[in-house]
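Written out below as structure tokens is the structure these notes cover.
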Ligand code: NAD
Ligand code: ZN
Ligand code: ZN
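In this note's numbering, the protein residues as written are 275 to 611.
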């Protein structure tokens with residue numbers, strides 16, 4: 275099979291011919307059609323985080339395609355089924371978190387395109403219990419970004435403790451954010467979008483954000499305080515510690531900032547603001563297969579659709595460069611078929 279392979283951190287991926295994956299018990303083999311390029315792939319390729327993937331690695335965790343083989347013990351899938359392959363490759367199933375339905379917090383989890391080979395390839399091996407069936411009415415390309423960007427924002431919004439009619443600020447209107455805006459509206463929230471790229475704010479308006487703020491041109495905290503008196507929730511997708519501080523600053527008392535973005539390092543929390551305002555800062559990491567199935571169902575029912583630009587697998591390094599430069603509107607999806 276053809277694959278884009280990371281051989282050393284910070285270097286371009288190499289397009290190579292690789293042996294097809296071998297299936298074990300509980301595995302399925304998926305022939306990929308498409309795979310979205312997530313900012314997490316960029317973190318992986320640069321080796322941004324303390325826990326680094328083992329190389330060589332095939333990145334990619336927003337894969338969609340068809341089942342072409344099933345391993346021993348698999349009864350849930352048949353050859354020809356349309357499936358999505360998300361970030362959570364597997365979890366132990368028996369730890370405290372797994373037993374409570376939080377496999378995305380399992381300490382023994384494996385991650386597609388990080389700790390096991392991912393979907394920037396013609397074929398990927400996946401666990402039968404961790405892939406999701408693609409509903410009719412969702413194409414392979416438009417479904418791909420829902421595997422991570424969609425799931426993560428859907429779950430993050432569910433973790434936000436806000437009620438219909440309240441305001442949520444989606445901070446960063448990129449790959450995650452532009453889908454987060456759509457899910458927030460689908461849940462009945464009012465949306466303010468903050469970004470530093472005018473084209474992304476234009477997209478946010480088109481998608482239904484009522485207030486859009488260019489944080490490179492004005493202070494987003496002042497603007498939100500002036501116009502809304504604060505927001506009840508913040509969905510933080512901007513890869514910037516300045517944005518984290520501003521997100522907390524625009525939060526109304528009793529509000530929750532759900533942090534999704536993963537810039538390496540730390541951010542400082544002003545104690546008085548946090549405590550006197552009874553604010554919550556909450557991390558959220560992707561979601562379980564059950565969350566993903568729900569996210570897809572809501573996407574179909576409410577018309578949540580990622581804005582995708584298609585590129586061939588061979589363009590992966592240029593796409594990662596664009597992601598780094600911050601010039602992508604919506605999501606780029608690699609065609610791998
Ligand atoms: P992206 O590059 O497509 O989008 C980021 C957006 O933030 C861009 O539109 C950019 O212009 C904007 N931005 C950058 N700096 C800003 C600032 N100071 N103020 C306002 N906006 C700013 O990236 P993405 O694919 O959406 O991923 C975003 C982050 O989320 C990454 O760190 C990624 O690793 C992380 N992520 C986390 C999870 C999770 O489960 N928690 C899942 C997927 C991705
Ligand atoms: Zn991702
Ligand atoms: Zn577990």
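Positions of the beta carbon are idealized from the N, C-alpha and C atoms, including for glycine.
Exposure label - residue i; buried when at least 16 CB within 10 Å
i, result
"residue 382", "exposed"
"residue 492", "exposed"
"residue 474", "buried"
"residue 546", "exposed"
"residue 550", "exposed"
"residue 386", "buried"
"residue 325", "exposed"
"residue 368", "exposed"
"residue 314", "buried"
"residue 579", "buried"
"residue 553", "buried"
"residue 508", "buried"
"residue 558", "buried"
"residue 503", "exposed"
"residue 576", "exposed"
"residue 426", "buried"
"residue 307", "buried"
"residue 257", "With the chain covering only 275 through 611, there is no way to say anything about residue 257."
"residue 599", "exposed"
"residue 516", "exposed"
"residue 301", "buried"
"residue 327", "buried"
"residue 419", "buried"
"residue 284", "exposed"
"residue 336", "buried"
"residue 451", "buried"
"residue 298", "exposed"
"residue 562", "buried"
"residue 613", "Nothing about residue 613 can be read from this structure; the chain reaches only from 275 to 611."
"residue 449", "buried"
"residue 439", "exposed"
"residue 556", "exposed"
Expected contact under 8 Å - CB spacing of residue i and residue j to nearest Å
i, j, result
"residue 321", "residue 392", "The pair is not a contact, with the Cβ atoms about 16 Å apart (cut-off 8 Å)."
"residue 348", "residue 408", "Going by Cβ atoms, the distance from residue 348 to residue 408 rounds to 18 Å, so no, they are not a contact pair."
"residue 329", "residue 287", "That pair is no contact at about 11 Å."
"residue 468", "residue 489", "5 Å"
"residue 431", "residue 457", "6 Å"
"residue 278", "residue 590", "5 Å"
"residue 566", "residue 359", "The pair is not a contact, with the Cβ atoms about 10 Å apart (cut-off 8 Å)."
"residue 399", "residue 364", "The Cβ separation is near 11 Å, so there is no contact."
"residue 529", "residue 506", "5 Å"
"residue 412", "residue 574", "6 Å"
"residue 362", "residue 560", "6 Å"
Straight-line gap, residue i to residue j (C-alpha atoms, nearest Å)
i, j, result
"residue 415", "residue 304", "15 Å"
"residue 512", "residue 346", "42 Å"
"residue 465", "residue 483", "5 Å"
"residue 353", "residue 339", "11 Å"
"residue 476", "residue 498", "18 Å"
"residue 292", "residue 376", "34 Å"
"residue 435", "residue 480", "26 Å"
"residue 388", "residue 541", "25 Å"
"residue 494", "residue 317", "26 Å"
"residue 397", "residue 295", "7 Å"
"residue 437", "residue 462", "8 Å"
"residue 564", "residue 539", "31 Å"
"residue 289", "residue 603", "25 Å"
"residue 526", "residue 472", "26 Å"
"residue 455", "residue 331", "32 Å"
"residue 379", "residue 534", "14 Å"
"residue 282", "residue 309", "22 Å"
"residue 355", "residue 410", "11 Å"
"residue 501", "residue 597", "32 Å"
Contact with chain C by residue i, beta-carbon distance below 8 Å
i, result
"residue 376", "Reference to chain C is not applicable here, since this structure consists of a single protein chain."
Distance cut-off 7 Å: residue i Cβ against heavy atoms of ligand 5
i, result
"residue 562", "Looking at this structure, you won't find ligand 5 anywhere; what it does contain is ligand 1, ligand 2 and ligand 3."
- Whole runs of the alpha helix (DSSP H) within the segment 474-502, excluding any shorter than 4 residues: Within the segment 474-502, the complete alpha helix (DSSP H) runs of at least 4 residues are 494-502.
- Would you mind listing the alpha helix (DSSP H) stretches within the segment 419-477 that are 4+ residues and don't spill past its ends, in chain order? 423-432 and 449-460
- Jot down the residue ranges of each uninterrupted alpha helix (DSSP H) in the segment 508-572, minimum 4 residues, whole runs only, in chain order. 515-523 and 545-550
- What runs of the alpha helix (DSSP H), each 4 residues or longer, lie entirely inside the segment 355-399? 370-373
- Message: So if I measure from each beta-carbon to every heavy atom of ligand 3 and keep distances below 7 Å, which residues remain?
- Response: Per the Cβ criterion, the list is 365, 366, 367, 368, 369, 371, 372, 377, 380, 381, 382 and 383.
- Item | Those runs of the alpha helix (DSSP H) which lie wholly inside the segment 289-329 and span at least 4 residues | Taking 4 residues as the minimum length, the alpha helix (DSSP H) runs contained wholly in the segment 289-329 are 313-320, in order along the chain.
- Message: Residues around ligand 2, please: the condition is that the C-beta lies closer than 5 Å to some non-hydrogen atom of it.
- Response: 312, 314 and 422
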